[in-house]
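Protein chains in written order, with the working numbering: chain A, 14 to 130; chain B, 8 to 119.
Beta carbons: idealized from backbone N, C-alpha and C, even for Gly.
None of these values were measured; they are calculated from a predicted model.
Here's the structure we're looking at; comments come further down.
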Amino acid sequence: EADIYQTPRYLVIGTGKKITLECSQTMGHDKMYWYQQDPGMELHLIHYSYGVNSTEKGDLSSESTVSRIRTEHFPLTLESARPSHTSQYLCASSSLVQGLHSYNEQFFGPGTRLTVL
Amino acid sequence: KNQVEQSPQSLIILEGKNCTLQCNYTVSPFSNLRWYKQDTGRGPVSLTIMTFSENTKSNGRYTATLDADTKQSSLHITASQLSDSASYICVVSATGFQKLVFGTGTRLLVSP
Numbered sequence: 014e015a016d017i018y019q020t021p022r023y024l025v026i027g028t029g030k031k032i033t034l035e036c037s038q039t040m041g042h043d044k045m046y047w048y049q050q051d052p053g054m055e056l057h058l059i060h061y062s063y064g065v066n067s068t069e070k071g072d073l074s075s076e077s078t079v080s081r082i083r084t085e086h087f088p089l090t091l092e093s094a095r096p097s098h099t100s101q102y103l104c105a106s107s108s109l110v111q112g113l114h115s116y117n118e119q120f121f122g123p124g125t126r127l128t129v130l
Numbered sequence: 008k009n010q011v012e013q014s015p016q017s018l019i020i021l022e023g024k025n026c027t028l029q030c031n032y033t034v035s036p037f038s039n040l041r042w043y044k045q046d047t048g049r050g051p052v053s054l055t056i057m058t059f060s061e062n063t064k065s066n067g068r069y070t071a072t073l074d075a076d077t078k079q080s081s082l083h084i085t086a087s088q089l090s091d092s093a094s095y096i097c098v099v100s101a102t103g104f105q106k107l108v109f110g111t112g113t114r115l116l117v118s119p
């Protein structure tokens, strides 16, 4: 099982609150990712990072922001939560698998289910 | 447009039976295809990863196949168990990209 952790696992908050979703990995991976997943739908990449001080926006536009001050830590922040932010947020990290065809193998955390009332 | 389509959307089978899940993709240029298992409320867990040169890979009772010419993949589950109840997601990566294209998954329910 991958060593990637997310807290909290569940969060119910009111509109307008500021929240931070935590993600940590102990595998020393440089690349980390945040995905958003609605029930029964596919995962959408919202942020990723190549390493410390690197952050990029993903395919799905998101009002959240991320930071990468330490290799192992990739928190996601919503400055003012709204009901439209209700979703599951999944963090992942990846390592490069070298071979004839190299690829990045992603390991996912357990997710944070966010509900904004 | 890079897309991954999976069928069926959902499936119910009896414990002990076999089943096959399908994945069609239009991602190009193709790098690798992955199958993940996602339990309800959890993050996806990798089952198999196949690169361009591989056309079959097994992980216990799970066997994935890949036909890069027709851009199709299948995941065969043998002798299903109740713990196999989950969503199975097909994910394709394009060469040179760091991002993955996800299918919407097949929701499998194994009934006793």
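Chain A residues whose Cβ lies nearer than 7 angstroms to that of residue i
| i | result |
| --- | --- |
| glycine 50/B | Leu103, Phe121, Gly122, Pro123 and Gly124 |
| serine 53/B | Glu118 |
| serine 100/B | Tyr116 |
| threonine 85/B | Here the premise fails: no neighbours, minimum Cβ distance about 23 angstroms. |
Residue i - DSSP class collapsed to helix/strand/coil
| i | result |
| --- | --- |
| serine 80/A | coil |
| leucine 56/A | coil |
| serine 90/B | helix |
| serine 62/A | strand |
| serine 75/A | coil |
| histidine 86/A | strand |
| serine 144/B | Any answer about residue 144/B is impossible in this case: the structure gives chain B only from 8 up to 119. |
| serine 97/A | helix |
| leucine 130/A | coil |
| histidine 42/A | coil |
| threonine 33/A | strand |
| aspartate 16/A | coil |
Within chain B, partners of residue i - CB distance below 7 angstroms
| i | result |
| --- | --- |
| leucine 73/A | Ordered by position in chain B, no residue passes the 7 angstroms Cβ test against leucine 73/A, which lies about 11 angstroms from the chain. |
| leucine 56/A | Phe109 |
Interface residues of chain A facing residue i [CB-CB closer than 8 angstroms]
| i | result |
| --- | --- |
| lysine 106/B | Leu58, Tyr61, Gly71 and Asp72 |
| isoleucine 19/B | Chain A residues near isoleucine 19/B: none, gap ~16 angstroms exceeds 8 angstroms. |
Whole-number beta carbon distance between residue j and residue i, since they are thought to touch under 8 angstroms
| i | j | result |
| --- | --- | --- |
| arginine 95/A | threonine 28/A | 6 angstroms |
| alanine 93/B | lysine 44/B | 5 angstroms |
| valine 117/B | isoleucine 20/B | 6 angstroms |
| leucine 82/B | tryptophan 42/B | 5 angstroms |
(message) For the structure I just gave you, are there three or more beta carbon pairs, one from the stretch 54-67 of chain B and one from the stretch 34-54 of chain A, closer than 8 angstroms?
(response) no
(message) For the structure I just gave you, are there three or more beta carbon pairs, one from the stretch 29-37 of chain B and one from the stretch 81-101 of chain B, closer than 8 angstroms?
(response) yes
(request) Decide yes or no for the touch test of the stretch 54-66 of chain A against the stretch 109-117 of chain B: beta carbon pairs closer than 8 angstroms, at least 3 of them. (result) yes
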